[in-house]
Amino acid sequence: MKPSTTSFAALLETAHTLADLSGELILRRFRRPIAVEDKGSAHGFDPVTAADRDAERVISRYLLRHHPSHAIVGEEHGSRDGDGTSGYRWVIDPIDGTKAFITGSPLWGTLIGLLDGDTPLLGMMNQPFTGERIWSSRTGTHWRTADGRTRRAKTRTCPKLAQAILTTTSPDLIGEQDRRKFFEVSARARLTRYGGDCYGYCLLAGGYTDVLIETGLKPHDVVALIPIIERAGGRITTWEGEPATNGGRILAAGDPALHAQVLKILNA
16 MKPSTTSFAA
26 LLETAHTLAD
36 LSGELILRRF
46 RRPIAVEDKG
56 SAHGFDPVTA
66 ADRDAERVIS
76 RYLLRHHPSH
86 AIVGEEHGSR
96 DGDGTSGYRW
106 VIDPIDGTKA
116 FITGSPLWGT
126 LIGLLDGDTP
136 LLGMMNQPFT
146 GERIWSSRTG
156 THWRTADGRT
166 RRAKTRTCPK
176 LAQAILTTTS
186 PDLIGEQDRR
196 KFFEVSARAR
206 LTRYGGDCYG
216 YCLLAGGYTD
226 VLIETGLKPH
236 DVVALIPIIE
246 RAGGRITTWE
256 GEPATNGGRI
266 LAAGDPALHA
276 QVLKILNA
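Have a look at this one:
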């Protein structure tokens, strides 16, 4: 495999194009009647819609046309290897938060991540309904709002769990044994809130919350979010303190000191 040589600026522009293409398609389906299928999972109802599948298809077609050497990993249509001349791998979740999507809640988004080998290079979360887009650059994280303004997103200082806001998508998605650990952390936190899927991670990157705990994630659930959080000043790993690239049990915190504190509780 040859070294990846495409400029970061060009790759970021590709991510923005993918967000534009998929966002337009998804937005036409949001809060409108749409058929829902159940993929089935260990956690029960696991919905998928035509919006999920069509958005991923649009993204894949663009990448195949413009970056045929890049590999693609998608939630709905599986993986496609590149031609072996590039180490780039796009990791796509067309609608992260499909349960929110089908119930009319805007707490969902399209996740577009890019790995260079096994290293997360860039990440983007697009929410076309609210007009928000969050992405990582080489040196930071950026948050664009519906008025077109872009600001730097930064995590906030919060080294102590007693002062922290804890979030998770739903404790129902956490297994019984791990759930006990989650509630142990929750009991020590200042406030616990539920809901959010990928949007919850972006709220952490933006300095609105402090710590996030989840389990059972797949690579497409988290790869895009790793550089978003890390370049905003936070830390995201597995519960074992290992890289989060492959998913699993995930701990993210805006303050590295808080991450270390919660990691000890989870592993006690």
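Numbering (my numbering), first residue to last: 16 to 283. From the three backbone atoms N, C-alpha and C, an ideal C-beta is built for every residue, glycine too.
(message) Looking only at its chain, what residues have a beta carbon closer than 8 Å to the beta carbon of H157, apart from the 5 residues adjacent to it on each side?
(response) Position 142 of the sequence shown, counting from 1, holds the residue named residue 157. Excluding sequence neighbours, H157 sits near I149, W150, S151, T165, R166, R167, A168.
(request) Could you pull the start and end residues of the alpha helix (DSSP H) that P271 belongs to? (result) One-based indexing of the sequence shown puts residue 271 at position 256. Note, P271: alpha helix (DSSP H), 271-281.
(request) Quickly, what does DSSP pair G138 with across the bridge? List them, please. (result) Mapped onto the sequence shown, residue 138 falls at position 123. For G138, which the question treats as bridged, DSSP gives the partners G128.
(message) For S75, count the other beta carbons within 10 Å of its own beta carbon; 16 or more makes it buried, fewer makes it exposed. Which is it?
(response) The residue given as residue 75 occupies position 60 in the sequence shown. Around the C-beta of S75, 16 or more other C-beta atoms lie within 10 Å, and the residue is accordingly described as buried.
(request) Kindly indicate which residue of L122, P121, R104, T154 has the alpha-carbon position closest to the one of G132. (result) Against the sequence shown, residue 132 aligns to sequence position 117. Closest option to G132, Cα to Cα, is R104.
(message) For K175 and G256, I'd like the C-alpha separation in whole angstroms.
(response) Along the sequence shown, one-based indexing puts residue 175 at 160. Along the sequence shown, one-based indexing puts residue 256 at 241. Approximately 18 Å, taken between the alpha carbons.
(request) Pick helix, strand or coil for T29, following the three-state DSSP scheme. (result) Working through the sequence shown from its first residue, we reach residue 29 at position 14. The three-state secondary structure of T29, taken from DSSP, is helix.
(message) Among the candidates G119, T21, I228, whose CA atom is the shortest distance from the CA of T100?
(response) In the sequence shown, the residue the question calls residue 100 occupies position 85. Answer by Cα proximity: T21.
(message) To the nearest angstrom, how far is the alpha carbon of C286 from that of I180?
(response) No answer is possible for residue 286: the residues shown for the chain start at 16 and end at 283.
(request) Say whether the stretch 200-207 touches the stretch 237-251, bearing in mind that this needs 3 or more beta-carbon pairs closer than 8 Å, one atom from each stretch. (result) Inter-segment contact for the stretch 200-207 and the stretch 237-251 is absent: fewer than three beta-carbon pairs are separated by less than 8 Å.
(request) Please name the residue, chosen from A65, T260, V277, D270, that lies closest to G128 on a Cα-to-Cα basis. (result) Here residue 128 corresponds to residue number 113 of the sequence shown, with the count starting at 1. The residue with the shortest Cα to Cα distance from G128 is T260.
(request) Go ahead and label Y209 buried or exposed: buried means 16 or more other beta carbons lie within 10 angstroms of its beta carbon, across all protein chains shown. (result) Residue 209 sits at position 194 when you count from the first residue of the sequence shown. It is exposed - the Cβ of Y209 has fewer than 16 other Cβ atoms within 10 Å.
(message) Helix, strand or coil, according to DSSP, for V51 in the structure here?
(response) As a first step, residue 51 is located in the sequence shown; it is residue number 36 there, counting from the start. V51: strand per DSSP, three-state reduction.
(message) Please tell me whether T184 and I117 are closer than 8 Å, where the distance is taken between their beta carbons.
(response) To locate residue 184, count along the sequence shown from 1; it is residue 169. To locate residue 117, count along the sequence shown from 1; it is residue 102. Not in contact: T184 and I117 (Cβ atoms no closer than 8 Å).
(message) Tell me which residues share the same chain as L33 and place their Cβ nearer than 7 Å to its Cβ, disregarding the 5 neighbours each side in the sequence.
(response) As a working mapping, residue 33 is identified with position 18 in the sequence shown. So the list reads I74, Y77, I127, once near-sequence residues are dropped.
(message) Helix, strand or coil for P18? Go by DSSP, reduced to three states.
(response) Residue numbering aside, residue 18 sits at position 3 when the sequence shown is read from its first letter. The predicted model places P18 with a pLDDT of 49, which falls under 50 and marks its position as unreliable, so this point remains unresolved.
(message) Contact defined as beta carbons within less than 8 Å: I believe P186 pairs with R195. What is the distance between those atoms, to the nearest angstrom?
(response) For the purposes of this step, residue 186 is identified with residue 171 of the sequence shown, where counting begins at 1. For the purposes of this step, residue 195 is identified with residue 180 of the sequence shown, where counting begins at 1. Not quite, the Cβ-Cβ distance comes to about 10 Å (not below 8 Å), so this is no contact.
(request) Within 10 angstroms of the Cβ of S94, are there 16 or more other Cβ atoms? Answer buried if so, exposed if not. (result) To locate residue 94, count along the sequence shown from 1; it is residue 79. Taking a 10 Å sphere around the C-beta of S94, we find fewer than 16 other C-beta atoms and assign the residue as exposed.
(message) Quick check: the Cα distance between L273 and V226, rounded to an integer number of angstroms?
(response) In the sequence shown, counting from the first residue as 1, residue 273 sits at position 258. In the sequence shown, counting from the first residue as 1, residue 226 sits at position 211. C-alpha separation (whole angstroms): 8 Å.
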